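Visitor:
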Amino acid sequence: MNLRILGWLGMASVLMGGAAWAASESGNLSSTETGRHLAPAQLRCEYLKDPLGLDTTHPRLSWILTSNQRAQAQTAYQILVAASESLLTQDRADLWDSGKVVSGQSLQVEYQGKALASRTSCYWKVRVWDKADRPSAWSQPALWSMGLLSQTEWAAKWIGRDDGQSSGPGNGREQFLPATFLRKEFTLGKRPAKAVLYLTSLGVAEPHLNGDKVGEDYLSPGWTDFRQRVYYRAYDVTTRLNVGSNTLGAVLGDGWYRGHLSIIGQNLYGKQTRLLAQLHLWFADGSTQVVVSDATWKGGFGPILEADLYAGETYDARREIQGWDQPGFNDSDWKSVDLGASVNPAVEANPGAPVRRTGEIPTVALTHPKPGLAVFDYGRNFSGWTRLRLKAPAGTRVVMHFGEMLNPDGTVYRKNLRAARATDTYVCRGGTEETWEPRFTYHGFQYVEVEGLPTNAGPNTLRAIIAGSDLAPTGNFECSDPIITRTAANERVTIRANLVDLPTDCPQRDERMGWTDYHEVVASTLYEQDAASLLTKWMTDLVDARFPDGAFSQIAPDVHHFPWSPGWADSGVLIPWTLYWVYADTHLVARYYREIAGHLDSYKARSQGFVVHPIGYGDWLAPDMSTPKDLIATALYARCAEVMAELARALGKTDEASAFATLHRSIRTAFQQTFIAPDGTIGSDSQGGYAMALAFDLLDPEQARHAADKLVAAIAKKDGHLSTGMVTTHLLLPALSRAGCTEAAYRLFATSSFPSWGYFLHMGATSMWERWDAKTEKGYHPDGMNSFNHANLGTCTEWFYRSVLGIDSTEPGFGKLLLRPEPGGHLRWAKGYYDSPHGRIGSDWEIKKGQFIWKIQIPANTTATLSLPRHGPVTIQENGHTVWAHGAFRPGVLGLSSAKLNTDRVEIQAGSGSYRFSVTGAGLNP
Ligand code: BGC
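Start counting the sequence shown at 1044; every next residue gets the next number (the numbering used here).
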């Protein structure tokens, strides 16, 4: 099987779900009985739903197709784009009418209309033609708008206040400064027809207009290398403005700009936080008005005494400033703002998804391990903060310490947070009930230890808010084995907790950085979350963080400039390749082609005869660190050369593609000559070495057979336990399946002793841990580097979807599917789905009375090879109709065109739709 590292675009399916699949669609229905034949839905622009303020001049448009007929596909499309909603309603496309384009393309269709000026609103819709050339109705309208396309359009000035005084607890060398409140009152003679606020900051900003927060995002503009670029967001505030006086404002916190980063401390980019805001107003009579941040604004300080991502927020409600963001507020004791910034970044549209509150969790348990100390438990580890609700006398000080685990005495274990104080403090206003949530921090936690609560406090006093990049969930997976299902659930939680503007290593300690070993997690991530926009944004961070010689760094945005390391720097190639593979995105590759290709030069400079020097971290945190570093590096060199050849080919650079393919062959040969002993042993005979060689296809067939045996033996030598680390764990299960040893893969879940995935569960994990021995019978690992929310060792997710459910693709973008479930172990059933860029792919199998029953869902506009298991002669029926018997295909079922034997599988060619197969004689007995 083609080893692909896959992922998915998160468009919730509008197709029929779950149990309804098979019943709703019979192979014998005629097209007239089935009603709606093909309809476009879930329109996306640059991966986002209705994005505002883009600065790409040819945005890419995508949609999925729904149908209740089998084998339906788009044969043509037409896109209309208009500058107003009413023009679009009348089908008057003043910006672009693509006309009828004969094409099946429904992903990444580039806008080809009139040149788009700054601030243009673009309303669009699409219709499609089906296989019988029948047009669909028009889709629901969607929108994108353009931002400020040139730096010169920013009339706004960077503003802030530089005289904030530290008054919070702080400690030692830290100097926490209060958040700055900024405001400007202005008058409108008439109501605007449209108003858009463009805003960014050096820090993190919360915009306000006429008394309320603008937008639902938190921690914007996120983290970039502020010396190079900063991203703005656009907010439609048309309905928020009044005739007469209005007040535009913002609260400005430290964020990544001035706050703590890693062990470096504060002020990495600058000491002065700044706001840049520009409000554009359009009136019905054609006139316009602009309100910008400038010297006429005033600034003050209020209740937010400290706001730091690691340290937490300190809020004194007695210092709240009533009405500061409303007209008529007396700001006479506020000072004029300070102007200018110590950095001069390019101001660009934010390509990423905003951080938002994405859920709430009520308290699961409340304990009092010591007098005056309450411990709130939220049942699982995640990223976010809490909402406090209480009634207490003025000046009551409630201190909330966040942590992931408990000490034996029931207090919260916080040693592993290292220098991250992870503490929020709220000082009560007094009087009526008070509700408070921090705005400029987040924590990774399951428990909160609270001091200072009044005696009437109960479980409802504190509620957890889940926060992170607001990305659509793309998948679900469960099966009859609780160890596997819980492992998948824990990895899901960890993946989500670590998508906060960028992919972070962990959400709790003084780190939370874009470590570039994330490529190990990306395939699992994309099966769970539509992270395309976040990763598109991170790709620029990766490029910005390169060393002067072009080498990719260990962290992006980079703060340490640690030396180049294989296993880390590879994100520079493997992230854009994954986006190409999953979303058919060639745009990002084209934009950064030279930088991406430069990664191969980094390897070359550190190699001799195609074998890379033994440098870098090796298989970080493997219990058995014996896998040679040069083996790891050379395997990754080969992998990067292989995918680089694909990327070059995708861009039509055929000469370069063949040069990379030649390079790949040379490295592969050198790998075999250097690391394979005459008896077939690879490297140090470690699990990781075999996993890499097999997963990356570095072996000839005979070598691969030996390697598979030796890998299975290496696992047996450890008595069924794992000895892989961060770099090779994600390859282990795919390598076993690829080598035809799926049973050995299932067996890895049969143990619950150390080190294994079952062991994490045995020790009470609700998320994935950084170390196999993060917690043992002896207690927590003594090292400070001990995260309980680190994804790398838990990256089985990709295998759960791709091998257990069998959801795979044979071409970029999931247009041609390979559905190939691999039942095994003691599994009686497995079910789930992946919301691919083309729509929902469902796979739901069960072994019942010796039959293999498989319900599937194939999205419209895709086709699939269905690979069904068999051991000996089988009969296959679809919804009661025999489609395979006596070794031959029986035509007649709508949507199924042919079938053939392929060793131990029967392969059926299918069009889109829902099907229910039963295989008799598959020889499966869980
Ligand atoms: C991070 C890891 C990272 C490693 C490399 C750790 O502190 O959390 O994710 O890959 O350092 O040294």
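We put the beta carbon where it would ideally sit given N, CA and C, even for glycine. Note that the coordinates shown come from a computational prediction; the quantities given were computed from them, not determined experimentally.
Could you check if N1373 is buried or exposed, using at least 16 other CB atoms within 10 Å of its CB as the buried criterion?
Guide: That one is exposed.
Visitor: With a threshold of 8 Å, establish whether the CB of Q1597 neighbours any heavy atom of the ligand SAM.
Guide: Judged by which ligands are present, the ligand SAM is missing from the structure shown, whose ligands are the ligand BGC.
Visitor: Where DSSP assigns a beta bridge to E1349, which residues make up the other side?
Guide: Paired residue(s): T1357.
Visitor: Could you check if E1970 belongs to the surroundings of the ligand BGC, using beta carbon to heavy atom distance under 8 Å?
Guide: This structure does not reach residue 1970, given that the chain is present from 1044 up to 1969, and the question cannot be answered.
Visitor: What would DSSP say about N1310, mapped onto helix, strand or coil?
Guide: Coil at N1310, not helix or strand.
Visitor: A1700 lies in the alpha helix (DSSP H); which residues open and close that run?
Guide: Looking at the DSSP string, the run of the alpha helix (DSSP H) that includes A1700 is T1697 to F1718.
Visitor: What span of residues does the alpha helix (DSSP H) with G1641 cover, start to end?
Guide: It spans Y1636 to A1648 - the alpha helix (DSSP H) in which G1641 sits, taken as one unbroken run.
Visitor: Report, in whole angstroms, the separation of the C-beta atoms of P1600 and D1587, which I expect to be a contact under 8 Å.
Guide: Going by Cβ atoms, the distance from P1600 to D1587 rounds to 7 Å, so yes, they are a contact pair.
Visitor: Leaving out five residues before and five after T1717 in sequence, what residues of the same chain have Cβ atoms less than 6 Å from its Cβ?
Guide: Around T1717: V1654.
Visitor: How would you write the range of the beta strand (DSSP E) that L1431 sits in, first residue to last?
Guide: Counting along the chain, the beta strand (DSSP E) containing L1431 begins and ends at L1416 to L1433.
Visitor: Report yes or no: do three or more beta-carbon pairs, one from the region 1506-1526 and one from the region 1777-1787, lie closer than 8 Å?
Guide: Touching, no.
Visitor: According to DSSP, simplified to helix, strand and coil, what is I1658?
Guide: If DSSP states are grouped into helix, strand and coil, I1658 belongs with coil.
Visitor: For E1554, verify whether its CB is less than 8 Å away from any heavy atom of the ligand BGC.
Guide: Answer for E1554: yes, Cβ within range of the ligand BGC.
Visitor: I believe P1250 touches V1239 by the beta-carbon criterion, under 8 Å. Please report the beta-carbon distance rounded to the nearest angstrom.
Guide: About 12 Å separates the two Cβ atoms, so there is no contact after all.
Visitor: Measuring from the CB of M1769, is there a heavy atom of the ligand BGC at a distance below 8 Å?
Guide: Correct: M1769 has its Cβ closer than 8 Å to the ligand BGC.
Visitor: List, from N- to C-terminal side, the beta strand (DSSP E) runs of 3 residues or more that fit wholly inside the region 1254-1320.
Guide: Listed in chain order, the complete beta strand (DSSP E) runs (minimum 3 residues) inside the region 1254-1320 are 1272-1279 and 1287-1296.
Visitor: Have a look at Q1489 and P1550 and give me their C-alpha separation to the nearest angstrom.
Guide: Roughly 12 Å between the two C-alpha positions.
Visitor: How is the alpha helix (DSSP H) around Y1802 delimited, first residue to last?
Guide: W1800 to H1805 is the extent of the alpha helix (DSSP H) around Y1802.
Visitor: Using a Cβ-based criterion (distance less than 8 Å to any ligand heavy atom), does Y1660 qualify as near the ligand BGC?
Guide: Because some heavy atom of the ligand BGC lies under 8 Å away, the Cβ of Y1660 counts as near it: yes.
Visitor: May I have all residues whose beta carbon comes closer than 5 Å to any heavy atom of the ligand BGC, sorted in chain order?
Guide: Cβ-based neighbours of the ligand BGC within the cut-off: D1548, W1558 and D1560.
Visitor: Look at the alpha carbon of L1578 and the alpha carbon of L1545, and state the distance between them as a whole number of angstroms.
Guide: Going by the C-alpha atoms only, they are around 7 Å apart.
Visitor: Helix, strand or coil for Y1877, going by three-state DSSP, please let me know.
Guide: If DSSP states are grouped into helix, strand and coil, Y1877 belongs with the strands.
Visitor: Measuring straight from C-alpha to C-alpha, what distance separates G1302 and Y1312?
Guide: Going from the Cα of G1302 to the Cα of Y1312 covers about 9 Å.
Visitor: Below 8 Å, how does it come out for the region 1378-1397 and the region 1431-1446: are there three or more Cβ pairs, yes or no?
Guide: No: the two stretches stay apart, fewer than three of their Cβ pairs being nearer than 8 Å.
Visitor: Along the alpha helix (DSSP H) that carries T1528, what are the first and last residues, could you check?
Guide: Taken as a continuous stretch (DSSP letters only), the alpha helix (DSSP H) holding T1528 covers P1525 to A1540.
Visitor: In whole angstroms, what separates the C-alpha of H1562 from that of T1468?
Guide: If I take the Cα positions, the gap works out to 37 Å.
Visitor: Would you please state the rounded distance, in angstroms, between the beta carbons of S1961 and Q1920? I believe it to be under 8 Å.
Guide: Correct: roughly 5 Å between the Cβ atoms.
Visitor: Is F1843 helix, strand or coil by DSSP?
Guide: Helix.
Visitor: In its own chain, which residues sit with a C-beta less than 7 Å from the C-beta of R1682, not counting the 5 before and 5 after it?
Guide: Cβ neighbours of R1682 beyond the five flanking positions: F1739.
Visitor: Considering only the beta carbon of each residue, do W1201 and G1383 sit closer than 9 Å?
Guide: The answer is yes: Cβ separation under 9 Å.
Visitor: Does T1466 come out as helix, strand or coil in the three-state DSSP assignment?
Guide: T1466 falls in the strand class under three-state DSSP.
Visitor: Excluding sequence positions up to five away, which residues of its chain have a Cβ less than 8 Å from the Cβ of N1945?
Guide: Excluding residues within five positions, the ones whose Cβ falls inside 8 Å are S1910.
Visitor: Going by C-alpha distance, which of D1098, K1892, R1790 and Y1261 is nearest P1481?
Guide: Among D1098, K1892, R1790 and Y1261, the Cα nearest to that of P1481 belongs to Y1261.
Visitor: Could you have a look at S1069 and say whether DSSP puts it in helix, strand or coil?
Guide: Residue placement at S1069 is flagged as unreliable, the pLDDT there being 34, under the threshold of 50; the coordinate-derived value follows with that caveat. Coil.
Visitor: Tell me whether H1444 is buried or exposed, calling it buried when 16 or more other Cβ atoms sit within 10 Å of its Cβ.
Guide: Per the 10 Å Cβ criterion, buried.
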